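As C-alpha cells, the structure follows; a few thoughts come after it.
Chains as they are written, first to last, in my numbering: chain A, 480 to 737; chain B, 3 to 204.
What follows is the structure, given as C-alpha cells:
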C-alpha cells in the first residue's frame, strides 16, 4: 500500500536531524523575513532553503511541491498587476492589458512568502518520518492519544484508498458514469463516497474495542520500541536559530521605538 | 438530551478513534472531488461527521488536526493556515448538531449555511493576509478578478470570492453528511451519544 507521506530515507544528514530542529528552522525561516519585511530577507532564506535541500539531496522532490503552487502564484501576478488598487506606474502592456509596478511588487512579495514557506516546510516533510515526529512529541510530554491520532491517519488513509478503488470499480461495473457533464459527475459523487465513509466509520467501532483490549486507556507510562538516535549539533542549531529570531525581533522593536 | 451541556465531550477510545477516521474521510472526499474534476473542495466531510457524532469540541479537534497533519506531512503547507477555518467549521457544525439541527434535511441545510458562514468569516482575512485575497479556486478567482477590475475594495472582492466557493461546497458537504449519518447503524452512533447514562447494578 502506498503511503501518503512524502518521507524517503535517502541516508543523508538531513534525515538524521531531529524533527524539532527542523520545526525551529521553519519558525525562523517564516518569522525572520516577516520581521525584516523586505524582499532581500526572503531571497536569503529561499537561498538557504535551497542549499539545505540540495545538501540533503531532496531538492528535486521539493521542486514538485513548489511547481504545484506556481499556477496560483501566476494568477496572483496577473490579478495584482492588472487591478491592484495602488496601481499608478505602468510597467508594460500586453495588448489592452496594462501591468503596473506596484501590483507586481506586491505579487512578488506574496510569491516570495509562499515559496519560502513551501521550501522550508518541505525540509521537514521530505526528510522526517511522520511516525517519528509523533513518537518524539509523545516523548516530550504530548499525550499518547495525540500521537495515536497522527500515526493512525497514516495507516487509515491507504486502507481507505484501497476501499475507494474497490468501490469505484464496483459502481462502474454496475454502469455508473464518472465522466461527462458536471451534473453527471456530481451525481456520481454520492454513490462513491457514501460506502467508503460508512464502512470506515463502522470499522472504528471494532478498532476502538481492539485498542481498549490492548490497554489504550491505561494511565501507565509508555515505553518506546525505537529510540531516537541523537544527531550531533541539534542543540547548537536550535540555539543559533532561536538567537537569530530573538535578535531580529529586538531589532524590529528598536526600529519602531527609536 | 439537555441543552445545557452541548460542549460536553467524551474523550474515550471510541472518540479518539473517530478523529483519524474523520481525517481520512476528509482526504478521501478531496480525492474523489479531484478524481471527478468537481470545482469544489469537499474536504470537510469528515470534520462535519466528527462534529455531528462527537460534538463541537471533537469537531474542532478533527478540523484543526486535519489541516495540521496534512500541512506537516504531505507538503501542502498552505493548508496549515486554514487549520483555523476547519476548527471553526467543526466547532459550529458540532453546536448545530447538538442543538438538533441535523435531524431533518431542511435543518441540515441550515447547518450548512452556518458552516459556510464560519468558513467565510475566518477564511477571508486569511486569504487577504496570505494570498492577497484569492482562494485558488477557478470560479471564485474569476469573480475576484471581476470585482477587482470593477475597483471594489479588496475585502469585498475577497468576500465574494469566498462566498462563491464556500456556500455550495458546504451545502453539498452537509447534505452528504446527512445522508451518511442516516445510513449509519445505531450500534455505532450510540457510542457517541452524550446523553447516555450507565445504569449500575452494584
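Beta carbons: idealized from backbone N, C-alpha and C, even for Gly. Being a predicted model, the structure only gives us computed values, none of them experimental.
- Chain order gives the chain A residues near residue 146 (chain B) as 558, where near means a beta carbon separation below 8 Å.
- Proximity to residue 635 (chain A) across B:34, B:105, B:27 peaks at B:27, based on C-alpha coordinates.
- Excluding five sequence positions before and after residue 655 (chain A), the CB atoms of its chain that fall closer than 7 Å to its own CB belong to 667, 670, given in chain order.
- Listed in chain order, the alpha helix (DSSP H) runs fully inside the segment 7-86 of chain B are 15-37, 47-56, 58-75, 80-83, counting runs of at least 4 residues.
- By a beta-carbon distance limit of 8 Å, residue 727 (chain A) contacts residue 514 (chain A). Their separation comes to about 5 Å.
- At a C-beta separation below 8 Å, residue 507 (chain A) has no neighbours in chain B, since its nearest C-beta there lies roughly 15 Å away.
- In this structure, residue 117 (chain B) places its C-beta atom within 8 Å of the C-beta atom of residue 50 (chain B).
- In the three-state DSSP reduction, residue 579 (chain A) falls in the strand class (E or B).
- Taking 8 Å as the Cβ-Cβ cut-off, the segment 10-27 of chain B approaches chain A at 13, 14, 15, 16, 18, 19, 20, 21, 22, 23, 25, 26, 27, given in chain order.
- The Cβ of residue 596 (chain A) sits closer than 8 Å to at least one Cβ of chain B.
- Per the coordinates, the alpha-carbon of residue 583 (chain A) lies some 28 Å from the alpha-carbon of residue 602 (chain A).
- For residue 175 (chain B), the nearest beta carbon of chain A is not closer than 8 Å to its own beta carbon.
- Within the segment 646-664 of chain A, contact with chain B at the beta-carbon level (separation under 7 Å) is assigned to 657, 664.
- Contact check for residue 576 (chain A) against residue 587 (chain A) fails: the beta carbons are separated by 8 Å or more.
- Closest by C-alpha distance to residue 103 (chain B), out of B:70, B:54, B:151, is B:54.
- For the segment 119-147 of chain B, the set of positions with a beta-carbon nearer than 8 Å to some beta-carbon of chain A reads 132, 133, 134, 136, 138, 143, 146, 147 in chain order.
- Taking a beta-carbon distance threshold of 8 Å, residue 91 (chain B) does not count as an interface residue toward chain A.
- Contact check for residue 563 (chain A) and residue 585 (chain A): beta-carbon distance about 6 Å, within the 8 Å limit, so the pair qualifies.
- The closest CA to that of residue 599 (chain A), considering only B:80, B:114, B:67, is found on B:80.
- Under the 8 Å criterion on CB atoms, residue 604 (chain A) is classed as interfacial with respect to chain B.
- Residue burial is scored here from C-beta neighbours: residue 140 (chain B) has fewer than 16 other C-beta atoms within 10 angstroms and is therefore classed as exposed.
- With a beta-carbon spacing of about 5 Å, residue 168 (chain B) and residue 122 (chain B) fall inside the 8 Å limit used to define contacts.
- Secondary structure note for residue 177 (chain B): its alpha helix (DSSP H) is the uninterrupted segment 156-185.
- Close partners of residue 585 (chain A) in chain B (Cβ separation under 8 Å): 134.
- For residue 555 (chain A), the chain B residues whose Cβ falls inside 8 Å of its Cβ are 133, 134, 136, in order along the chain.
- Separation of the CB atoms of residue 589 (chain A) and residue 134 (chain B) is rounded to 5 Å, and the pair is thereby assigned contact status at 8 Å.
- The C-alpha of residue 15 (chain B) lies about 40 Å from the C-alpha of residue 594 (chain A).
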